[in-house]
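**Q** The working numbering applies: residue 733 is where the sequence shown begins, and numbers increase by one.
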Amino acid sequence: MKRDLPVSEVVGIYESPPDRAVTTVRLNADHSFVMESWTCKTHDVMSGRWEQTGDGYVALSANPRSESEPAKTAEQSGLAEICRLDPQSCAVVRAEDVRVRIVGGVLELQFSSARDYVLKLHRRAQP
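1. Note down, in chain order, each residue of its chain lying with its Cβ closer than 7 Å to the Cβ of Ala827, except the 5 sequence neighbours on either side.
2. CA-CA distance, Asp736 and Gln858?
3. DSSP three-state call for Val754: helix, strand or coil?
4. Reducing DSSP to helix, strand and coil, say where Asp829 ends up.
5. Give the single residue among Leu839, Arg847, Glu783 and Val838 whose Cα lies nearest to the Cα of Asp829.
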């Protein structure tokens, strides 16, 4: 039996806590998404489509590589200290390597490279 959430409970802007390397995911009602991540290596912008899979997860499929901003290093973006203290907070994010689940107002990203690590992004309050 499929178990999809109402679209209104999925769409929104989700952000990582301020003490982590920054990741923001925007899930739109038209099933498009934009994921921005500032890692130890770069500022990466990924876009594509999202779809609920019926098992409580959301599948992401990225568009062919299209960065809207030039890459910046950790030093340029001010994240070098965070990345040095907690390298796991600076994981490189790729759509095919991540599982997404939404529980309440929290979007959980689980990376295939670190199965025991789940990054929790909280939904930004509506204005």
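Virtual Cβ for every residue (Gly too), placed ideally from N, Cα, C. On a predicted model such as this, the values are computed, not experimentally measured, just so you know.
**A** According to the structure shown:
1. Met778, Gly780, Leu792, Ser793 and Ala794
2. 22 Å
3. coil
4. helix
5. Arg847
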